[in-house]
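J.: Structure incoming, see below.
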Amino acid sequence: MSAPSRWPRAPPRGSPPPRLRLDGPRIVDASSGQPVGLKAMNWFGLNTDQMAPDGLWAGGSDTATDFLEIVYQIKLLGFNAVRLPFRFQDLGKTAPDKTRRCKNSPEWVLKRRVTDPRLIPIQRQLPPRPFALQRQGGEGACNSYLPAGTGLDRLLWTMQVMNSHGLYVILDYHGSSGATLEMDSVATAERFASKWAEVWRAVACVPGFASDVAGRVVIDILNEPDMLKLTWGPLQPLKQPSPNWATLAIAAMDTLYAQTPGDVIFMISGTGQTKFGTNWGNGFVTNPATLAQYQLADPNPFFRELIRKPYVNRVVLGPHCYPPTITGLTFLGSTLWNQLTNSVGYLQTKGYCWDPDNPGAFAVRTAPPRRGGGAGAGTAGTMTAAAAPPRPPGAGAAAGGNATAPAPVGTAAGAQAPGGAGSSGSSSSGGSSGAASSGKAGAGALGSGVKPVKAAGRDGQGALHGHGEAHGSVKRAAKRHGDAEAAAEEGEEPGEHRRRRRARGAEEEEDGGSAAEASNEASPAAGPAPAAAAAAPAAAADTAAAAAPVDADALPAPQRRLLSDGDGDEVAAAGVQCVRFPIVIGEFGSFFEQPNDVQWMSDFATWLANQQSAVGAPIGWAFWAYNANSGDTGGIVNGNWQTLMWVKLRFLVDRMGLRPWYL
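Numbering (full-length UniProt numbering), first residue to last: 1 to 663.
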């Protein structure tokens, strides 16, 4: 793969957004230092054979099918970022022509489209477009200006158009477990890093990279490692076959940081911790006692390696979070809050902490244990109820609880989790016994080693290629391991999970099982040295920042080291250092049709608001998805791709801080 060709219609500069940098647990404007909350929309399609954002084939009004018109609307609706999934396997292919006949719309139609129908469109004029491109073949020829060339050309051009509209871009490698070429890309860490290096080298070569692109593109290293059966584990040699997620992530970041040390921002997903109730991109529990109790994959080797890296302060955590109809889990209220806090939120509010004089020791930043009447219970040594969001009025509490880590997720609906509600050391948040930790009926359980599985929803080939209809069933229930009869009814092999499917073109995904176990015998990876690049001023600044202790207000007074020895005992000492990480929710969304989903989304928004208050900055998020043919959530547009779904947009406005043009 070489640097991109000179396409004949490069996008004008437009109005790029301010450059970003990370400041502890916050993402900020690099110039002003003001916090920036990413409010993104996922828009898939570049990760399919279309090699373009999906829906450009829809026809009808240009407001629904023309690429520039849609990007302009994304900005008008208040989004300031777009997450663009792509696949390595498509980048060398010839991108298909996306020209489509469409009907031109006057401005009053566009204004009405991007204004909540409950409101009367105001008299104010719409903000001006950053630029316009002449449609080749007449005004009714939508998308005719998209460049020809390779999939890489199309990806880079799309990225630049987003930037020129004032939008940040999350460049998401969206590997598919059913694609042989994508599995080959992660066969070794060396190969994976090389694939990413080719992409980022091309990004760094686009016109205006330093002034308009650098610091405005977030590198999402790998979407949902679970889906490729990748889990945490000890670092391994770069050439070792079947590497774990920790090895792949560190190798890729080492390589990309060496290319442009001052210009990278990384996003990392979690994995391997479904028994804690996390799934598909979440899973950052590091407490040894919790890891042992729930038999979770251990991310500590990853974090211990990361804190030594000069780019440690350039890493964002990007968990994915979904409601009950997708996960089959009924985490609501304080159970959901505690689960989110203990799986990832603590790394933003408290940080990953260690003792420089005793690198092997695991430092746990917690508030002092609460004895009796806590808001739920779980593993000693994890964050206590004092660090969790407040329970809603009327929520119950488990007697004797002194930590908020949720117990193993419930079995079938109404069944009580092991160590049920009200018992010491159990997890509970609701008023009714067992309700808060019970799984959806038929969805399986986590307490016995059974993992939740995303819905196997798929959009049909017709929808991807312009026939205007999505087809294929959406399976919203997970299968238990070993349930041979039920699996056979679904055409599955006994003991396998049916995994959800998102629009990925014609390729089929394989049904995935449990995450692959990482080898405990693997030796640490040497990793490519940044060499001369590490000596650059930006790299030197990163190194200095990485070595500095956390801010004084991030440590108790007096300073203490809270060391977990596996049974929750805490030892006070001085000198602990912590790194806090920003969080951007890489995916979340819902059809907003089922009551449990609506409640979950509301509770999720409450947790985000509480998290934002704790760190003094907005938490970033990326809604799934623009696409009508998402089997999991549907889209921001309805099934025919013509009409905006205001039930979803209103939620984002009312609860998630989205600010459309008219507010």
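A virtual CB, placed ideally from N, CA and C, is assigned to each residue, including glycine.
In whole angstroms, what is the alpha-carbon distance linking ASP153 and LEU91?
T.: As a first step, residue 153 must be located in the sequence shown, where it is residue number 153. As a first step, residue 91 must be located in the sequence shown, where it is residue number 91. Their backbone Cα atoms lie some 8 Å apart in a straight line.
J.: What is the C-beta distance between THR188 and LEU238, in whole angstroms, given that I count them as a contact (C-beta under 8 Å)?
T.: As a position in the sequence shown, residue 188 is number 188, starting the count at 1. As a position in the sequence shown, residue 238 is number 238, starting the count at 1. THR188 to LEU238, Cβ: 7 Å. Contact.
J.: Buried or exposed: where does THR94 fall if 16 or more other Cβ atoms within 10 Å of its Cβ makes it buried?
T.: Taking the sequence shown and counting its residues from 1, one reaches residue 94 at position 94. Exposed is the call here.
J.: Would you identify the three-state DSSP class for TRP245, choosing helix, strand or coil?
T.: Here residue 245 refers to the residue found at position 245 of the sequence shown. The answer is helix: DSSP assigns TRP245 an H, G or I state.
J.: Is the beta carbon of ALA251 closer than 8 Å to that of GLU190?
T.: Position 190 of the sequence shown, counted from the start, is the residue given in the question as residue 190. Position 251 of the sequence shown, counted from the start, is the residue given in the question as residue 251. Contact: yes.
J.: For THR643, which three-state DSSP category applies?
T.: Locating residue 643 in the sequence shown gives position 643, where the first residue counts as 1. Coil at THR643, not helix or strand.
J.: Where GLN73 and VAL114 are concerned, what is the direct C-alpha to C-alpha distance, given to the nearest angstrom?
T.: Position 73 of the sequence shown holds residue 73. Position 114 of the sequence shown holds residue 114. Pairing GLN73 with VAL114, the inter-Cα distance amounts to about 7 Å.
J.: Please determine, among ALA40, SER31, GLN50 and GLU107, the residue with the shortest C-alpha to C-alpha distance to ASP62.
T.: For the purposes of this step, residue 62 is taken as residue 62 along the sequence shown, with counting starting at 1. Of the listed residues, the one whose Cα sits closest to ASP62 is GLU107.
J.: Can you give the beta carbon distance from ARG101 to GLY140, rounded, assuming they're within the 8 Å contact cut?
T.: Locating residue 101 in the sequence shown gives position 101, where the first residue counts as 1. Locating residue 140 in the sequence shown gives position 140, where the first residue counts as 1. 6 Å between Cβ atoms; contact.
J.: Please confirm whether PHE588 and PHE623 have their CB atoms less than 8 Å apart.
T.: Your numbering for residue 588 matches position 588 in the sequence shown. Your numbering for residue 623 matches position 623 in the sequence shown. Their beta carbons are under 8 Å apart, which means PHE588 touches PHE623 by this criterion.
J.: When the cut-off is 8 Å and only beta carbons count, does LEU119 lie next to chain D?
T.: Of the protein chains in this structure there is only one, and it is not chain D.
J.: By how many angstroms is the C-alpha of THR286 removed from the C-alpha of ALA380?
T.: What you label residue 380 is simply residue 380 of the sequence shown in a count that begins at 1. What you label residue 286 is simply residue 286 of the sequence shown in a count that begins at 1. Residue confidence is low: ALA380 scores 27 on pLDDT, short of 50, so the model does not pin down where it sits. Its coordinate-derived value is still stated next. Using only the alpha carbons, I get a separation of about 13 Å.
J.: Would you kindly work out how many angstroms separate the C-alpha atoms of ASN104 and GLY60, rounded to a whole number?
T.: Numbered from its first residue, the sequence shown carries residue 104 at position 104. Numbered from its first residue, the sequence shown carries residue 60 at position 60. One C-alpha to the other measures close to 9 Å.
J.: DSSP state of LYS98, grouped into three classes?
T.: Numbered from 1 along the sequence shown, position 98 holds the residue referred to as residue 98. LYS98 falls in the coil class under three-state DSSP.
J.: Tell me whether the stretch 197–215 and the stretch 266–275 touch, counting them as touching only if at least three CB pairs, one residue from each stretch, are closer than 8 Å.
T.: As far as the Cβ criterion goes, the stretch 197–215 does not touch the stretch 266–275, which means the pair count is below three.
J.: Sorted by chain position, which residues of the same chain lie with C-beta nearer than 6 Å to PRO85's C-beta, five sequence neighbours on each side aside?
T.: Stepping through the sequence shown from its first residue, residue 85 is reached at position 85. For PRO85, where only same-chain residues beyond five positions count, the Cβ hits under 6 Å are PHE44, ASN47, ASP172 and HIS174.
J.: Report the option in TRP200, TYR145, ALA58 and LEU38 whose CA atom is closest to the CA atom of TRP641.
T.: Looking up residue 641 in the sequence shown gives position 641. In terms of Cα proximity to TRP641, the closest of TRP200, TYR145, ALA58 and LEU38 is ALA58.
J.: Taking only the alpha-carbon atoms, compute the straight-line gap between ILE70 and LEU644 and give it to the nearest angstrom.
T.: To locate residue 70, count along the sequence shown from 1; it is residue 70. To locate residue 644, count along the sequence shown from 1; it is residue 644. Roughly 11 Å between the two C-alpha positions.
J.: Tell me whether ASN638 is buried or exposed, calling it buried when 16 or more other Cβ atoms sit within 10 Å of its Cβ.
T.: Here residue 638 is taken as the residue at index 638 of the sequence shown, counted from 1. By the 10 Å Cβ count, ASN638 comes out exposed.
J.: I believe ALA204 touches GLN259 by the beta-carbon criterion, under 8 Å. Please report the beta-carbon distance rounded to the nearest angstrom.
T.: What you label residue 204 is simply residue 204 of the sequence shown in a count that begins at 1. What you label residue 259 is simply residue 259 of the sequence shown in a count that begins at 1. The C-beta separation of ALA204 from GLN259 comes to about 7 Å, placing the pair in contact by the 8 Å criterion.
J.: Would you call the stretch 348–355 and the stretch 579–587 touching, i.e. three or more CB-CB distances under 8 Å?
T.: yes
J.: Could you work out which residue in LEU155, TRP621, SER242 and LEU22 is closest to VAL312 when comparing CA atoms only?
T.: For the purposes of this step, residue 312 is taken as the residue at position 312 of the sequence shown. The residue with the shortest Cα to Cα distance from VAL312 is LEU22.
J.: Just checking my contact of PHE79 with LYS39 at CB under 8 Å: how many whole Å lie between their CB atoms?
T.: Looking up residue 79 in the sequence shown gives position 79. Looking up residue 39 in the sequence shown gives position 39. That pair is a contact at about 5 Å.
J.: If we count Cβ pairs, one from each stretch, closer than 8 Å, do we get three or more for the stretch 156–169 versus the stretch 219–235?
T.: no
J.: I believe LYS75 touches LEU146 by the beta-carbon criterion, under 8 Å. Please report the beta-carbon distance rounded to the nearest angstrom.
T.: Position 75 of the sequence shown, counted from the start, is the residue given in the question as residue 75. Position 146 of the sequence shown, counted from the start, is the residue given in the question as residue 146. 19 Å between Cβ atoms; not a contact.
J.: In chain order, what residues of the same chain lie with their CB nearer than 8 Å to the CB of ILE585, ignoring the 5 residues before and after it?
T.: For this step, residue 585 is matched to residue 585 along the sequence shown. Within the same chain, ILE585 has close Cβ partners GLY318, PRO319, HIS320, CYS321, LEU608, ILE619, GLY620, TRP621 and ALA622.
J.: To the nearest angstrom, how far is it from the Cα of ALA52 to the Cα of ASN143?
T.: One-based indexing of the sequence shown puts residue 52 at position 52. One-based indexing of the sequence shown puts residue 143 at position 143. The straight-line gap from Cα to Cα measures roughly 10 Å.
J.: Taking contact to mean at least 3 C-beta pairs separated by less than 8 Å, is the stretch 118–125 in contact with the stretch 16–33?
T.: Judged by Cβ distances under 8 Å, the stretch 118–125 makes no contact with the stretch 16–33, as fewer than three pairs qualify.
J.: Excluding the five sequence neighbours on either side, which residues of its own chain have a C-beta within less than 6 Å of the C-beta of LEU336, listed in chain order?
T.: Looking up residue 336 in the sequence shown gives position 336. ASP603, listed in sequence order.
J.: VAL264: buried (16+ other C-beta within 10 angstroms of its C-beta) or exposed?
T.: Working through the sequence shown from its first residue, we reach residue 264 at position 264. Counting Cβ neighbours within 10 Å, VAL264 comes out buried, since at least 16 surround it.
J.: Using DSSP's beta-bridge definition, name the partner residues of ILE585.
T.: Position 585 of the sequence shown, counted from the first residue, corresponds to residue 585. Note: ILE585 sits in a beta bridge opposite TRP621.
J.: For a minimum of 4 consecutive residues, which ranges assigned as the alpha helix (DSSP H) are wholly contained in the stretch 161–229?
T.: With a minimum length of 4 residues, the continuous alpha helix (DSSP H) runs that stay inside the stretch 161–229 are 180–185 and 189–204.
J.: Excluding the 5 residues preceding and the 5 following LEU340 in the sequence, name in chain order all residues of the same chain whose CB lies nearer than 6 Å to its CB.
T.: Walking along the sequence shown from the start, residue 340 turns up at place 340. Here the set comprises TRP607.
J.: What is the rounded straight-line gap between the Cα of GLN273 and the Cα of ASP298?
T.: Here residue 273 refers to the residue found at position 273 when the sequence shown is read from its first residue. Here residue 298 refers to the residue found at position 298 when the sequence shown is read from its first residue. Roughly 9 Å separates the two Cα atoms.
J.: Since I believe ASP597 is in contact with THR325 (beta carbons under 8 Å), could you give me their beta-carbon distance rounded to a whole number of angstroms?
T.: Here the question's residue 325 lines up with position 325 in the sequence shown. Here the question's residue 597 lines up with position 597 in the sequence shown. Contact holds; Cβ gap of about 5 Å.
J.: For GLY635 and PRO660, I'd like the C-alpha separation in whole angstroms.
T.: Counting from 1 along the sequence shown, the entry for residue 635 is found at position 635. Counting from 1 along the sequence shown, the entry for residue 660 is found at position 660. Each residue's alpha carbon lies about 18 Å from the other.
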